[in-house]
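Visitor:
Number of protein chains: 2
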Amino acid sequence: MDEFSLIAKYFKPLAASFAGSLNLSDDAAIISPPENCELVITKDAISQGIHFIGSEDPALIAAKALRVNLSDLAAMGATPLCYFLALMLPKNTSKEWLEKFVGGLKETQEKFSIKLAGGDTTSTEGRISISITAIGSVPTGKALRRSGAKIGDDIYVSGTLGDAALGLELLQKEEENDFFINRYLLPQPRIDLGMALREIASSAMDISDGLVQDLGHICTASNVGAVIYSDKIPTTNNQQLITALSGGDDYELIFTAPPDKKQAIEQISTSLNLPLTIIGNITNGKSLTVLDKNNNIIQIDKKGFSHF
Amino acid sequence: MDEFSLIAKYFKPLAASFAGSLNLSDDAAIISPPENCELVITKDAISQGIHFIGSEDPALIAAKALRVNLSDLAAMGATPLCYFLALMLPKNTSKEWLEKFVGGLKETQEKFSIKLAGGDTTSTEGRISISITAIGSVPTGKALRRSGAKIGDDIYVSGTLGDAALGLELLQKEEENDFFINRYLLPQPRIDLGMALREIASSAMDISDGLVQDLGHICTASNVGAVIYSDKIPTTNNQQLITALSGGDDYELIFTAPPDKKQAIEQISTSLNLPLTIIGNITNGKSLTVLDKNNNIIQIDKKGFSHF
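The listed protein sequences derive, respectively, from chains A and B.
Going left to right, the first sequence walks through residues 1253 to 1560 as this note's numbering numbers them.
Going left to right, the second sequence walks through residues 1253 to 1560 as this note's numbering numbers them.
1. Using the three-state DSSP reduction, which class does F1432 of chain A fall into: helix, strand or coil?
2. Can you find a CB in chain A that lies within less than 9 Å of the CB of I1552 of chain B?
3. Kindly indicate if chain A contains any beta-carbon less than 9 Å away from that of S1397 of chain B.
4. Measure the C-alpha to C-alpha separation of G1329 of chain A and R1398 of chain A and round it to an integer number of angstroms.
5. With hydrogens ignored, establish whether the beta-carbon of I1433 of chain A is closer than 8 Å to any heavy atom of the ligand ATP.
6. Leaving out five residues before and five after S1273 of chain B in sequence, what residues of the same chain have Cβ atoms less than 8 Å from its Cβ?
7. Any Cβ of chain B within less than 9 Å of the Cβ of K1295 of chain A?
8. Put I1520 of chain A into one of helix, strand or coil per three-state DSSP.
9. Using the C-alpha atoms, what's the distance from T1535 of chain A back to L1357 of chain A?
10. Since V1292 of chain A meets chain B, which of its residues come closer than 9 Å, beta carbon to beta carbon?
11. For a test of the three-state rule: what should DSSP assign to V1542 of chain A, helix, strand or coil?
12. So for S1558 of chain B, helix, strand or coil by DSSP?
13. DSSP three-state label for S1323 of chain A, please.
14. Kindly give me the distance between the Cβ atoms of A1314 of chain A and F1270 of chain A, rounded to whole angstroms, as I take these residues to be in contact under 8 Å.
15. For the putative contact between P1439 of chain A and K1316 of chain A, defined by C-beta atoms under 8 Å, what is the C-beta separation to the nearest angstrom?
16. Drop a sphere of 10 angstroms on the beta-carbon of F1304 of chain A, count the other beta-carbons inside from all chains shown, and report buried for 16 or more, exposed for fewer.
17. Which residues share a DSSP beta bridge with L1341 of chain B?
18. Could you tell me which whole alpha helix (DSSP H) segments of length 4 or greater appear in the stretch 1384–1426 of chain B?
19. Quick one: list the residues of chain B neighbouring M1457 of chain A, beta-carbon separation under 9 Å, in chain order.
20. Skipping 5 residues on each side, what residues in its chain have a beta carbon closer than 8 Å to that of H1559 of chain B?
21. With a threshold of 16 other CB atoms inside 10 Å of the CB of S1365 of chain B, please say whether the residue is buried or exposed.
22. For a contact defined as C-beta to C-beta under 7 Å, what are the partners of G1371 of chain B on chain A?
23. Return yes when the Cβ of L1505 of chain B is within less than 9 Å of the Cβ of V1409 of chain B, no when it is not.
24. Strictly below 8 Å CB to CB, what residues from chain A border S1299 of chain B?
25. Taking the straight line between their C-alpha atoms, what separation do you get for Q1361 of chain B and F1432 of chain A?
26. Is the Cβ of V1479 of chain B closer than 9 Å to any Cβ of chain A?
27. Less than 9 Å between the C-beta atoms of G1301 of chain A and E1377 of chain B, yes or no?
28. For N1536 of chain A, name the three-state secondary structure that DSSP assigns.
29. Express the C-alpha separation of I1380 of chain B and E1421 of chain B in angstroms, rounding to a whole number.
30. Return the residues of the stretch 1308–1329 of chain A that lie within a Cβ-Cβ distance of less than 7 Å from chain B, sorted by chain order.
31. In angstroms, rounded to a whole number, what distance separates the CA positions of D1483 of chain B and L1413 of chain B?
32. Identify whether Q1492 of chain A lies in helix, strand or coil by the three-state DSSP scheme.
33. Given this structure, state the Cα-to-Cα distance separating A1386 of chain A from R1435 of chain A, to the nearest angstrom.
34. Within 10 Å of its beta-carbon, does N1546 of chain A have 16 or more other beta-carbons around it, so buried, or fewer, so exposed?
35. Counting only the same chain and skipping the five closest in sequence on each side, list residues whose C-beta sits under 6 Å from that of P1285 of chain A.
Structure below.
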């Protein structure tokens, strides 16, 4: 199947109801932000052998590729609008693979109200590569940033941490546990949460590289320090503190807010049916300290932690 | 070098003067069109072994990756604004390769007044893949489209056709001819031409797949036919009619305009110092006919043409 037939059969239906896509029939798409809004744009790429094995259900590969980009939009408080897809496929890719992949895109589009606006499909002599550029909108000036955390702010995380890293470990050991494995394979971008936090959070980002590393980015961008309490970190079971502190791929949000926003945040938690847990506070200085339940410092490095 | 050091050292300087990039330090970029403008967005991917060999000067690979996207902006009449880069590199990629690649981006950015706004760098177990999303702006409603060609319009092309296909042939034969090879390796996106044609052309696109195929896209989108005269097609030498009709990678513009715009287009040609040649006319019906100098029909297929 040549590129034009491929686009007509598989991709035009994904773009059909988004006018700016120009039905994928022009050189580019034409996009304007909704009134009084600006655009939030992110681009993430995933590659076979690095981010996925290749033997997974193609629908899951597609869903994850789109969801990790949606998570960046969530982190900025944006409402999903449209996305561009670059799909680089080995020449022997089967029609079945492609159909399942497109099915995964379609399902994810519908779940998160985002449409295909354009892109490129090409063959590769290497392995499967997928690059997505996702575009959302946010009222002008209201995007959540990493840089707004203030001394005294509470530090919150959504959901539970460490599940995805455990899931990956189970997958690699070929053990079965659908809950943890799904948390790795199918991240839940916290779009509704990001939108609800627009006027409430002082800073936000998504946790893709691990709690400690990502909180470090907020501290650097905001020029502040932080203390977090290990026993307050929400986990699914009690054995996963290491992965909760340093495991990646959770795609939960970490955000900060002044203490007077606590009640508003509890209401958001209730209305979204999503735990939002205070795990520590923003401090002066530039250090990030993790305390255990006896207030002893836990020393962190990227690969894990050790008690003193 | 980890991803963060790589971004800090090589990519932040490319984004430094573009405020919407947020210094590549947040989850996404924030972008608004200039006043009374909309955004034109395109995404093209290139892959080692398919679009480039890999042994080329990395600066040229970078330049071409960005230029083919700029050519899509030119085809829509857009002014370049910013771009996103997804770079998938084998783990053994050298610092020298990366430095030259970044140098090629920098030079191209400066030449075409476009800035890096964001992206992703990741390793791959496969070969080099590069995906770029380029964003331009155009006064609202003024983008050039494929769909506006009208019966009786003149059909124009910029520059000369077939040079890039000849260049590729010479490269594959390991013959030397810098002019043709450069036309293949370093396409010239016709940004200034696209912008000048905003109020003048009735349709436009860039020629990446060959004159006949791409004019076919304009005819389909505009629901018209076309006749072109082979002896009017501008070529660098007389031996290259086949490649001029069907060779790809020229990245010249093909556009249509009513006959009363002829003088305005001649003025654009003069001011840009760029040949703009009438090669035929838009007709009723849906067929695309190529006539030789004796007005005999030349039969075209995608691989070339043959006389009756």
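The beta carbon of each residue, even a glycine, is placed where N, CA and C say it ideally should be.
Guide: Judging by the given coordinates:
1. helix
2. no
3. In the sequence as presented, Ser is not what sits at residue 1397 of chain B; that position holds Arg. For R1397 of chain B, a Cβ of chain A is located within less than 9 Å of the residue's own Cβ.
4. 12 Å
5. The ligand ATP is not part of the structure shown, which contains no ligands of any sort.
6. Taken in chain order, the residues that qualify are A1267, A1281, C1334, K1367, L1368, A1369, G1370.
7. yes
8. helix
9. 42 Å
10. D1279, A1280, A1281, I1282, I1283
11. strand
12. Below a pLDDT of 50, predicted positions are generally treated as unreliable, and S1558 of chain B, at 41, falls in that range; the measurement from the model is reported next regardless. Strand, per DSSP.
13. helix
14. A1314 of chain A to F1270 of chain A, Cβ: 18 Å. No contact.
15. 7 Å
16. buried
17. B:S1375
18. You should have 1415–1424.
19. D1278, D1279
20. Caution applies to H1559 of chain B, whose pLDDT of 37 falls short of 50 and renders its modelled position unreliable; the value that the coordinates give is listed next. Here the set comprises D1544, N1548, I1550, Q1551.
21. exposed
22. K1295
23. yes
24. M1340, T1374, S1375, T1376, E1377, G1378, S1381
25. 44 Å
26. no
27. yes
28. coil
29. 23 Å
30. Listed in sequence order: D1324, L1325, A1327, M1328.
31. 12 Å
32. Looking at Q1492 of chain A - three-state DSSP - the assignment turns out to be coil, as it is neither helix nor strand.
33. Taking the Cα positions, A1386 of chain A is about 21 Å away from R1435 of chain A.
34. Exposed, since its Cβ has fewer than 16 Cβ neighbours within 10 Å.
35. The answer, listed in chain order, is L1291, S1389.
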